[in-house]
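Number of protein chains: 2
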Amino acid sequence: MCQLLGMNANVPTDICFSFEGFHHRGGRTDHHRDGWGVAFFEGPGVRLFIDSRATIESPIADFVRKYPIHSLNVIAHIRRATRGPVALVNTHPFMRELWGRYWVFAHNGTLEAFEPRLEGRYRPVGQTDSEMAFCWVLENLRRLFPRGQPELSDLYEALQDAAREVSEFGVFNFLLSNGDYLFAHCSDHLAYIVRKAPFGEAHLVDEDVTVDFSALAGPDDRVSVIATRPLTDNEVWTTFRPGELKVFHNGEPVPM
Amino acid sequence: MCQLLGMNANVPTDICFSFEGFHHRGGRTDHHRDGWGVAFFEGPGVRLFIDSRATIESPIADFVRKYPIHSLNVIAHIRRATRGPVALVNTHPFMRELWGRYWVFAHNGTLEAFEPRLEGRYRPVGQTDSEMAFCWVLENLRRLFPRGQPELSDLYEALQDAAREVSEFGVFNFLLSNGDYLFAHCSDHLAYIVRKAPFGEAHLVDEDVTVDFSALAGPDDRVSVIATRPLTDNEVWTTFRPGELKVFHNGEPVPM
Chain A
8 MCQLLGMNAN VPTDICFSFE GFHHRGGRTD HHRDGWGVAF FEGPGVRLFI
58 DSRATIESPI ADFVRKYPIH SLNVIAHIRR ATRGPVALVN THPFMRELWG
108 RYWVFAHNGT LEAFEPRLEG RYRPVGQTDS EMAFCWVLEN LRRLFPRGQP
158 ELSDLYEALQ DAAREVSEFG VFNFLLSNGD YLFAHCSDHL AYIVRKAPFG
208 EAHLVDEDVT VDFSALAGPD DRVSVIATRP LTDNEVWTTF RPGELKVFHN
258 GEPVPM
Chain B
8 MCQLLGMNAN VPTDICFSFE GFHHRGGRTD HHRDGWGVAF FEGPGVRLFI
58 DSRATIESPI ADFVRKYPIH SLNVIAHIRR ATRGPVALVN THPFMRELWG
108 RYWVFAHNGT LEAFEPRLEG RYRPVGQTDS EMAFCWVLEN LRRLFPRGQP
158 ELSDLYEALQ DAAREVSEFG VFNFLLSNGD YLFAHCSDHL AYIVRKAPFG
208 EAHLVDEDVT VDFSALAGPD DRVSVIATRP LTDNEVWTTF RPGELKVFHN
258 GEPVPM
């Protein structure tokens, strides 16, 4: 299974601590050696780092781990290839433009025989079921809302419908963001935590590292972290229900 | 003026030597402190590094300079902001998908009052004249060839027409690649060199560094380097004519 990691915050926040544990799943504490990637939004702009090597062997992962890039929305992915060969072009996250904004997408799971007929507005460049699903979701959104981005409630509903439809073909855990909102959909494995005051200590599952957020975070900071499996073992993570779509904004889930 | 750097090769080649000189133009030997970026194709996949800081202050530029990424097509850009504020979203190169391939674009020059009506297939995310022109060029290509990428001669002719049209609004030096071909258009400043056997020594203009390509390159290697101004002072660079569009493939210009 691939690994997903997302972050949504109300102040620009680095993901170094979470990525520290997460990157070990790319070849050490888990068997995902088929590439990895991470996208950091900076306003509507995106820094996208992808590598078809395992994270633990990737000089780019090493760079990202040590260099604190501050962002409100981050999506990271470690790949275990099931559809499409190991190649840069098949490495998540994928990025496309819709309504004059960049959208970033990463998927965990495998879709069987998902071969929709696309109009051609978005075409996959690689061979993954994931990029195909991303193109199909964006095409759907564009057809439903040709003039531009709709209200959040309409966008949420359209994504919920799209996720339900794609899920009929298999496991469709995904993270999707346009830099404002981070959408997270669960088929079978996804959990999140909201960190806010009073902050405490957190200890990684994948490595013996502890961080004291009370020493790092301001009193009004709020950060949601979403991951395939909880990244820490001394905090309470909330497990998504199967079929659940959540949208995060300003560091917390938006009641929908 | 912004700085452009492109490379097209017949074997995967790193751009460390050229980037070594080039990156000094981002704040040291020239006054371009408003961000920089570089895209490396790996097959149809792209590694895109962008930073809104000056290259000489950018940890990402430092990483790219030291880490040899091998590629057949590279496009780099150092920005001096004329349209659109200094921001990640306004940093070249820009990337979009067309016909199931990623296309990467960087522009040097300023377009005055270039405000075409776009159909919406490609919308700028940032505020630059450059991204607007890129979207317009892609939209044009897609309208002319809706089914997929045409023969090279048709693609060349369409790009020549588009470049001529956009050039009426100002200076439109650009580099454009889909990972197979690298197109280079000159309004006023662009030069290139083809390095092939017998290889010799090259000495940078921007820094006292010499490299002996005969010790590094194989007998059949062929590499074209395209830049706003020649990067070396002991080799013969060919200057583009104003209005000239060249297409590079397998390390050399294709006769058109």
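So the sequences go chain by chain: A and B. All you need for our numbering is the position in the first sequence, starting with 1, plus 7. All you need for our numbering is the position in the second sequence, starting with 1, plus 7. By construction, the Cβ of each residue, glycine as well, lies at the ideal position given by its N, Cα and C atoms.
Worksheet item: Between which two residues does the alpha helix (DSSP H) containing B/Met-263 stretch?
Response: Per DSSP, B/Met-263 lies in no alpha helix (DSSP H) segment and is marked neither H nor E.
Discussion item. Give me the chain A residues within the contact set of B/Ala-94, using Cβ-Cβ distance strictly less than 8 Å, ordered along the chain.
Written reply: Glu-49, Gly-50, Gly-52
Worksheet item: Are there 16 or more other CB atoms within 10 angstroms of the CB of A/Lys-253, so buried, or fewer, so exposed?
Response: buried
Item to complete: Have a look at A/Asp-195 and A/Arg-248 and give me their C-alpha separation to the nearest angstrom.
Response: Our two residues, A/Asp-195 and A/Arg-248, have alpha carbons roughly 8 Å apart in a direct line.
Worksheet item: Within the 9 Å Cβ cut-off, does B/Gly-107 reach chain A?
Response: yes
Discussion item. Please classify A/Asn-185 as buried or exposed, where buried requires at least 16 neighbouring CB atoms within 10 angstroms.
Written reply: Around the beta carbon of A/Asn-185, 16 or more other beta carbons lie within 10 angstroms, which makes this residue buried.
Worksheet entry | Start-to-end residues for the alpha helix (DSSP H) that takes in A/Phe-141 | 136-151
Item to complete: Closer than 7 Å by beta-carbon distance: list the chain B residues that pair up with A/Pro-66, in chain order.
Response: Tyr-74
Fill in: Contact list for B/Glu-158 against chain A, beta-carbon separation under 7 Å
Chain A residues near B/Glu-158: none, gap ~19 Å exceeds 7 Å.
Item to complete: Below 9 Å between beta carbons is the criterion; list the residues of the segment 119-133 of chain A that meet it against any residue of chain B, in chain order.
Response: Gly-127, Arg-128, Tyr-129, Arg-130, Pro-131, Val-132, Gly-133
Fill in: Extent of the continuous alpha helix (DSSP H) to which B/Phe-24 belongs
23-29
Worksheet item: Unbroken alpha helix (DSSP H) runs of length 4 or more, entirely within the segment 47-96 of chain B: which are they?
Response: Here the runs fully enclosed are 66-73.
Item to complete: Could you give the DSSP three-state label for A/Ser-194: helix, strand or coil?
Response: Three-state DSSP puts A/Ser-194 in coil, outside helix and strand.
Discussion item. Quick check on the DSSP output: the alpha helix (DSSP H) that includes A/Glu-172 runs from which residue to which?
Written reply: 159-174
Item to complete: For B/Phe-112, return the contacting residues in chain A, with the cut-off set at a CB-CB distance below 8 Å.
Response: The premise fails here: B/Phe-112 is roughly 13 Å from chain A at the closest Cβ pair, so nothing lies under 8 Å.
Item to complete: Would you tell me roughly how many angstroms separate the C-alpha atoms of A/Thr-235 and A/Leu-12, rounded to the nearest one?
Response: 7 Å
Worksheet entry | Inter-residue Cα distance where the pair is B/Glu-119 and A/Arg-202 | B/Glu-119 and A/Arg-202 have their alpha carbons spaced roughly 48 Å apart.
Discussion item. Assuming A/Phe-101 is part of the beta strand (DSSP E), what are its boundary residues?
Written reply: 101-105
Worksheet item: With 16 as the cutoff for other CB atoms within 10 Å, does B/Thr-135 come out buried or exposed?
Response: That one is buried.
Worksheet item: CB A/Val-230 to CB A/Asn-17, shorter than 9 Å?
Response: yes
Worksheet item: Quick one: any contact between the segment 75-91 of chain A and the segment 78-87 of chain B, if contact means 3 or more CB pairs under 8 Å?
Response: No: the two stretches stay apart, fewer than three of their Cβ pairs being nearer than 8 Å.
Discussion item. Using a Cβ-Cβ distance cut-off of 9 Å, determine whether A/Met-14 contacts chain B.
Written reply: Taking Cβ atoms only, chain B never reaches closer than 9 Å to A/Met-14, which makes this a no.
Worksheet entry | CB contact below 9 Å: A/Glu-1 versus chain B | Residue coverage of chain A in this structure runs from 8 to 263, which leaves residue 1 of chain A outside it and unanswerable.
Fill in: Burial state of A/Arg-124 (16 or more Cβ within 10 Å)
exposed
Discussion item. Counting only beta-carbon separations shorter than 9 Å, does B/Thr-98 have a partner in chain A?
Written reply: yes
Fill in: Cβ-based neighbour list, A/Phe-47, same chain, cut-off 6 Å, excluding 5 preceding and 5 following
Taken in chain order, the residues that qualify are Arg-54, Ile-76, Ser-78, Val-81.
Item to complete: Check whether the segment 60-72 of chain B touches the segment 103-121 of chain A, taking contact to mean three or more Cβ pairs, one atom from each stretch, closer than 8 Å.
Response: no
Fill in: Within-9 Å CB hit, A/His-58 to chain B
Correcting the residue identity first, residue 58 of chain A is Asp in this sequence and not His. True, the Cβ-Cβ gap to chain B drops below 9 Å.
Worksheet entry | Residue-level contact to chain B via CB, A/Pro-153, 9 Å cutoff | yes
Discussion item. Could you check whether the Cβ of A/Arg-87 sits closer than 9 Å to any Cβ belonging to chain B?
Written reply: no
Item to complete: From the DSSP output, in three-state form, read off A/Arg-108 for me.
Response: strand
Worksheet item: Hey, does A/Phe-26 have any beta-carbon neighbour from chain B nearer than 9 Å?
Response: no
Fill in: Test item: CB-CB of B/Asn-264 and B/Gly-258 under 9 Å
Nothing about residue 264 of chain B can be read from this structure; chain B reaches only from 8 to 263.
Worksheet entry | Where the beta strand (DSSP E) containing B/Gln-10 begins and where it ends | 10-20
Worksheet item: Can a CB atom of chain A be found closer than 9 Å to the CB of B/Phe-70?
Response: yes
Worksheet item: Does B/Leu-79 have its Cβ less than 9 Å from a Cβ in chain A?
Response: B/Leu-79 is outside the set of residues whose beta carbon lies under 9 Å from a beta carbon in chain A.
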